[in-house]
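As given, the protein sequences belong to chains A and B, one line each in that order.
All residue numbers for the first sequence refer to the UniProt record's numbering, where the first residue is 1 and numbers rise by one.
All residue numbers for the second sequence refer to the UniProt record's numbering, where the first residue is 1 and numbers rise by one.
The beta carbon of each residue, even a glycine, is placed where N, CA and C say it ideally should be.
Down below is the structure, laid out as structure tokens.
There are 2 protein chains.
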Amino acid sequence: MTQGIRLRRTHMVADTIRVPGGTEVVLAGWVQRRRDLGGIIFVDLRDRTGLVQLVFDRERGTPAAVMEAADHLRNEYVVAVRGEVVARAPHTVNPKIATGEIEVVVADLDVLNAAKHPPFPIEDGIDVEEPVRLRYRYLDLRRPQMQQMLRLRHQAYRFLRRFLDDHGFLEVETPILTKSTPEGARDYLVPSRLQPGSFYALPQSPQLFKQLLMVAGVERYYQIARCFRDEDLRADRQPEFTQLDIEQSFMDMDEFLHLMEEMVAGLFREVAGIEVATPFPRLPYREAMERYGSDKPDLRFELPLADVADAVRGTEFRVFQDVLARGGVIKALVAPGCAGYSRKQIDELIQFVAPFGLKGLAPVAVEEGGFRSPVAKFLGDERLRAIAERAGAQPGDLVLIGAADRQVVLPALGALRNKLGHDLGLIDTSQFRFVWITDFPLLSYDEEEGRWVAEHHPFTMPRWEDVPLLDTDPGAVRAQAYDMVLNGYEIGGGSMRIYRRDIQEKMFTALGFSREEAYDKFGFLLDAFEYGTPPHGGIAFGLDRIIMILGGGQSLRDCIAFPKTSSGADLMVGAPSPVNREQLDILRIQVRQPEPTAPKA
Amino acid sequence: MTQGIRLRRTHMVADTIRVPGGTEVVLAGWVQRRRDLGGIIFVDLRDRTGLVQLVFDRERGTPAAVMEAADHLRNEYVVAVRGEVVARAPHTVNPKIATGEIEVVVADLDVLNAAKHPPFPIEDGIDVEEPVRLRYRYLDLRRPQMQQMLRLRHQAYRFLRRFLDDHGFLEVETPILTKSTPEGARDYLVPSRLQPGSFYALPQSPQLFKQLLMVAGVERYYQIARCFRDEDLRADRQPEFTQLDIEQSFMDMDEFLHLMEEMVAGLFREVAGIEVATPFPRLPYREAMERYGSDKPDLRFELPLADVADAVRGTEFRVFQDVLARGGVIKALVAPGCAGYSRKQIDELIQFVAPFGLKGLAPVAVEEGGFRSPVAKFLGDERLRAIAERAGAQPGDLVLIGAADRQVVLPALGALRNKLGHDLGLIDTSQFRFVWITDFPLLSYDEEEGRWVAEHHPFTMPRWEDVPLLDTDPGAVRAQAYDMVLNGYEIGGGSMRIYRRDIQEKMFTALGFSREEAYDKFGFLLDAFEYGTPPHGGIAFGLDRIIMILGGGQSLRDCIAFPKTSSGADLMVGAPSPVNREQLDILRIQVRQPEPTAPKA
């Protein structure tokens with residue numbers, strides 16, 4: 001093998017179709033494939049830009065020693081070659097690769113490194129278990145699809161930074177070693193060696209720092225920020241994730257939302273060639289819940305929930321009457337073209353909503369000139385007709401009626417709506433339907449804690465006209481909060497912030513904190529509010545998910561260079577891992593055994 | 001106070017000099033100063049772009065209610081104003097501010113927030129203890145100097161990213177929650193909840209990940225990466241710091257260093273208007289040590305160390321003879337114009353070198369026609385003349401001679417050289433003198449551990465011609481490593497990496513690792529090397545320090561938005577801090593008391 005670099009690369013593979021025929025190039029990369037056709041050796045060479053065919057042929061001038069070396073090449077060997085770019089004979093043109101009209105006749109070859117046979121082929125569409133891909137991530141990342149994902153993320157970041165730079169936003173870094181914040185998810189902790197018994201926490205978001213930057217007069221801030229949450233990892237969560245974190249002063253909510261729309265529309269246009277209309281529609285939280293059963297509705301299909309309470313009021317059907325009597329709701333959802341569903345198919349739908357607490361669905365099959373339904377005998381045709389009408393059902397459709405408390409029915413039918421959208425092929429996957437969800441409730445009542453808790457976080461500004469309600473009817477206060485939703489995913493969320501100490505204190509009171517507790521938890525922020533804090537607000541976008549959507553991917557793990565499994569493990573480097581006793585001693589911490597070997601006195 | 005934003009900002013303060021006289025503007029910002037001159041109120045309004053004078057004057061049309069409101073303004077109040085930009089009368093022009101030729105006559109005012117009197121004035125050159133500044137960092141950051149630092153960092157990042165984008169480098173994020181690495185500084189640890197007893201470590205650098213990205217075929221990578229080291233914090237260290245981390249494949253060292261020079265020269269030109277000549281000079285490590293007593297020499301002044309061993313060989317001066325007999329060195333340094341130094345002044349210099357282990361300095365005052373020196377009686381005029389000549393001393397200069405082991409004399413005189421450079425005003429502070437230090441030794445012998453250890457890290461490539469010496473004379477092996485040094489600071493460092501498993505194993509053997517230990521520590525990297533690893537290398541730049549130098553600052557803390565003290569504390573948010581018992585329980589760790597209350601059996 002060659003020691004060091006003798007042949008200095010002059011071109012990337014993709015450049016070879018842009019040079020005149022006969023140009024001498026030096027290329028470097030990996031052997032994708034090698035074939036020996038009667039003494040002529042063909043090698044597909046891969047670099048970051050693509051594939052090109054190398055030809056080793058005595059007749060066309062490849063020296064004997066180079067032929068000999070080429071004979072030993074295997075997949076994934078690392079090579080540099082010097083050769084001449086020539087047009088291929090018409091019948092050998094390969095339309096499947098970008099460089100398929102040319103080939104490189106090799107005059108010189110350096111084998112830079114050998115390679116063992118890889119555990120899976122370096123190509124897309126492979127059928128390999130994910131743990132194997134993650135363990136050999138450095139090979140997995142060689143696949144074109146993963147390289148494309150890395151490029152996409154790079155381009156997205158570049159666009160976003162330029163947009164924000166051009167609009168006067170300053171990139172500022174905030175600490176990773178910071179303070180454990182109450183009122184959030186679980187923190188990752190970092191023991192301090194210099195202050196034993198004390199801990200840093202990794203930030204769940206730079207929330208407090210970005211607000212303090214507004215107090216500091218930065219006026220417009222952004223950061224592509226790593227955030228951390230020690231949650232029980234669902235299939236598609238990561239313990240560390242990347243946010244585009246933005247905060248601004250002196251803009252009102254309208255102005256800010258328009259700017260963010262412009263940015264996101266620009267991103268989709270620039271990076272993926274997708275045209276997105278602005279302004280984005282806005283949907284108040286309550287309307288989103290009533291109509292789609294979700295605060296992140298997928299608007300690529302309509303299929304709204306219909307309120308059919310009026311149509312069934314006063315019947316003898318006990319289930320509906322009981323629900324209405326205790327203030328519940330009765331909602332209907334249409335499954336288009338499903339009038340012929342069997343009992344078994346309907347049971348599957350009922351089983352699907354069960355985990356949401358919804359105990360049943362009343363099906364009504366709409367047929368030409370009539371209805372079929374187990375509840376027909378209670379309701380009668382006229383009421384069934386009213387239901388079908390309200391639900392917008394046509395003959396051939398199946399109407400599914402859910403009756404229970406509002407907080408049960410809406411999410412259950414919302415999820416069912418999504419399921420039907422997917423299963424019945426109602427979703428136009430070429431569409432990108434953005435919507436702002438606004439007017440979230442500021443507070444919700446936590447039965448367990450027996451107090452009001454912040455829906456977003458305790459720094460969210462109420463609507464000005466609702467501020468007095470903080471004292472009298474906290475549940476009715478609407479927040480100046482907003483989520484950007486795309487195709488059923490929440491891709492960003494934020495709010496205008498409280499910037500006056502009097503309102504912040506009102507908020508803490510509503511949350512049930514004493515003055516002392518509030519100061520204990522957020523004293524530095526309350527202090528800061530007294531020194532001239534401008535009106536401000538911001539947003540954070542989940543970049544991993546945006547990259548996933550832009551790249552047409554299915555899993556966050558495929559959009560992160562070195563992701564962790566659902567148990568938080570990095571299978572490649574083997575993290576987390578046990579550490580030396582001395583490392584813990586120096587931090588003055590110890591691991592507690594799950595089962596003490598001896599009972600304590 | 002106004003609820004929300006009634007007056008929507010139309011211009012920034014700095015824009016006011018770019019609009020025609022008579023333009024109506026809405027400005028927003030902070031009250032820097034308020035003066036009442038006989039019923040006319042002048043307010044200096046500050047936003048991120050500067051200061052402008054607001055005039056509240058009944059005679060010029062300010063409504064009475066606005067006059068009344070303006071009367072209540074105090075420093076750091078947050079306001080929005082609508083008014084007309086007008087030229088100032090010539091005798092009232094203020095040349096000290098950029099907008100000094102105009103003022104804004106106010107027609108409308110919103111007080112957005114009030115402010116308490118700040119604990120220190122919001123201006124540069126204040127004399128405030130650093131802990132107070134750090135506690136009220138959100139006020140400290142309002143000062144023009146700090147705002148300028150934030151802008152400078154932003155501009156630097158933008159330039160660096162664009163340069164690297166334009167040169168085909170891909171920005172890739174690497175994990176923050178990763179694996180504890182042996183052979184480095186102390187790691188920050190993060191207990192894992194899902195795998196109790198196991199820990200993540202925060203990365204000291206993305207070293208292994210960036211090498212794995214090269215294995216993955218990314219070819220050119222960069223990241224502005226947060227790094228962490230749990231070291232005993234010296235005055236100017238931070239537990240978390242920011243590196244520009246770069247790695248590339250298929251370039252040799254020359255090509256790569258030239259690219260990095262081009263980038264850094266571009267940065268200085270674009271961000272600070274400083275022209276830097278390229279290519280940078282290169283100085284082998286050995287030469288740097290012999291000539292300047294440092295591997296990060298400040299080349300803004302010359303003042304080299306001179307080897308004067310030959311000039312004193314064979315004298316009867318026992319100190320020198322002993323040193324030479326045991327293989328030590330005798331080096332001289334000139335203190336220009338210091339021939340008249342008193343005994344006391346010379347003693348101070350001797351005390352300065354003492355902590356380096358150098359027990360004394362022999363002074364030789366060079367005078368017109370002769371020498372004054374306590375060692376004159378041992379050496380005689382002829383030898384003193386030879387010494388002065390070698391050291392390049394002129395009449396009026398003081399020559400200082402150090403004699404001891406090489407590893408004592410060189411750093412001691414190197415530090416003394418820096419001290420003299422500063423104290424004698426030899427440094428042209430307008431200069432930016434870059435130099436590459438190259439050819440570092442690959443290994444150094446650790447007496448304590450009784451083995452060779454890596455000078456840089458165990459993945460550094462030896463020079464090819466030195467590879468065989470790994471087996472026979474490890475101390476003589478030179479590394480393909482390089483530091484970029486500017487004005488006495490190491491601002492970047494890197495190396496070409498080992499990319500072949502056989503050489504990596506040789507390296508581990510030289511470090512005294514068994515095959516098993518090596519695999520245990522770095523198995524995933526050794527594995528990766530077998531699947532087609534390209535030749536690669538990289539560098540990491542210390543961005544905090546570069547920003548410090550570009551901004552003319554003195555302390556890293558002034559270049560970081562939210563820095564920590566030398567005990568690792570964030571005085572603003574109060575981190576690190578004690579956490580709830582439940583937080584520790586859930587992680588299955590506990591804090592050990594410093595003094596056990598009862599002795600263990």
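Distance from residue 14/A to residue 38/A at the Cβ level is roughly 30 angstroms; contact not present, criterion being Cβ atoms closer than 8 angstroms.
The distance from the Cβ of residue 296/A to that of residue 488/A is about 6 angstroms, consistent with a contact at the 8 angstroms cut-off. The segment 245 to 284 of chain A is shown to contain whole alpha helix (DSSP H) runs of 4 or more residues at 253 to 272, in chain order.
Straight-line spacing of the CA atoms in residue 198/A and residue 565/B works out to 15 angstroms. Within chain A, the residues whose beta carbon sits less than 8 angstroms from that of residue 572/B are 212, 524, listed in sequence order. Selection 498/A, 490/A, 492/A evaluated against residue 479/A yields 498/A as nearest (Cα-Cα).
Along the segment 396 to 482 of chain A, the alpha helix (DSSP H) occurs as fully enclosed runs of 4 or more residues at 406 to 423, 469 to 472, listed in sequence order. Assignment of residue 593/A by DSSP, reduced to helix, strand and coil, places it in the coil class.
As the crow flies, the alpha-carbon of residue 181/A is around 15 angstroms from that of residue 581/B. In the DSSP assignment, residue 516/B forms no beta bridge with any residue.
In the DSSP secondary-structure assignment, residue 242/B is bridged to 226/B.
Here DSSP, grouped into helix, strand and coil, assigns residue 68/B to helix. In the structure shown, residue 528/A falls within a helical segment according to DSSP collapsed to helix, strand and coil. Residues are counted here when their Cβ sits less than 8 angstroms from a Cβ of chain A; for the segment 194 to 210 of chain B these are 194, 195, 196, 197, 198, 199, 200, 201, 202, 208, 209, given in chain order. For residue 474/B against residue 510/B, the beta-carbon gap comes to about 5 angstroms, under 8 angstroms, which counts as contact. The three-state secondary structure of residue 167/B, taken from DSSP, is coil. Excluding the 5 residues flanking it on each side, residue 136/A has same chain C-beta neighbours closer than 6 angstroms at 119, in chain order. Note on geometry: alpha-carbon atoms of residue 90/B and residue 107/B lie some 23 angstroms from one another. Rounded to whole angstroms, residue 31/A and residue 506/B show a C-alpha spacing of 27 angstroms. Residues of the segment 117 to 143 of chain B with a C-beta atom less than 7 angstroms from some C-beta of chain A are 118, 138, 139, 141, 142, listed in chain order.
In this structure, DSSP gives residue 57/A a state outside helix and strand, which the three-state scheme calls coil. Judged by their CB atoms, residue 76/B and residue 531/A are nearer to each other than the 7 angstroms cut-off. Among the residues facing chain A, residue 421/B is not included, as its CB has no counterpart in that chain under 7 angstroms away. About 32 angstroms separates the beta carbon of residue 459/B from that of residue 412/B, a gap too long to meet the 8 angstroms contact definition. Selection 396/B, 241/B, 123/B evaluated against residue 367/B yields 396/B as nearest (Cα-Cα). If you look at residue 394/A, you'll find it isn't in any alpha helix (DSSP H); DSSP assigns it neither H nor E.
Take the alpha-carbon of residue 538/B and the one of residue 462/B: they are about 14 angstroms apart. Look at residue 575/A: its C-beta is under 7 angstroms from a C-beta on chain B.
Against chain A, the CB of residue 567/B has a partner CB under 7 angstroms away; the residue lies at that interface. In the structure shown, the three-state DSSP call for residue 90/B is helix.
When secondary structure is reduced to three states using DSSP, residue 290/B falls in the helix class.
A residue is called buried once 16 or more other Cβ atoms fall within 10 Å of its Cβ, and residue 126/A, having fewer, is exposed.
Taking every protein chain shown into account, the CB of residue 247/B has 16 or more other CB atoms within 10 angstroms, so this residue is buried. DSSP, reduced to helix, strand and coil, places residue 361/B outside both helices and strands of the structure shown, so it counts as coil. As the crow flies, the alpha-carbon of residue 423/A is around 25 angstroms from that of residue 274/A. Residue environment analysis places residue 377/B among the exposed positions, since fewer than 16 neighbouring C-beta atoms fall within 10 angstroms of its C-beta.
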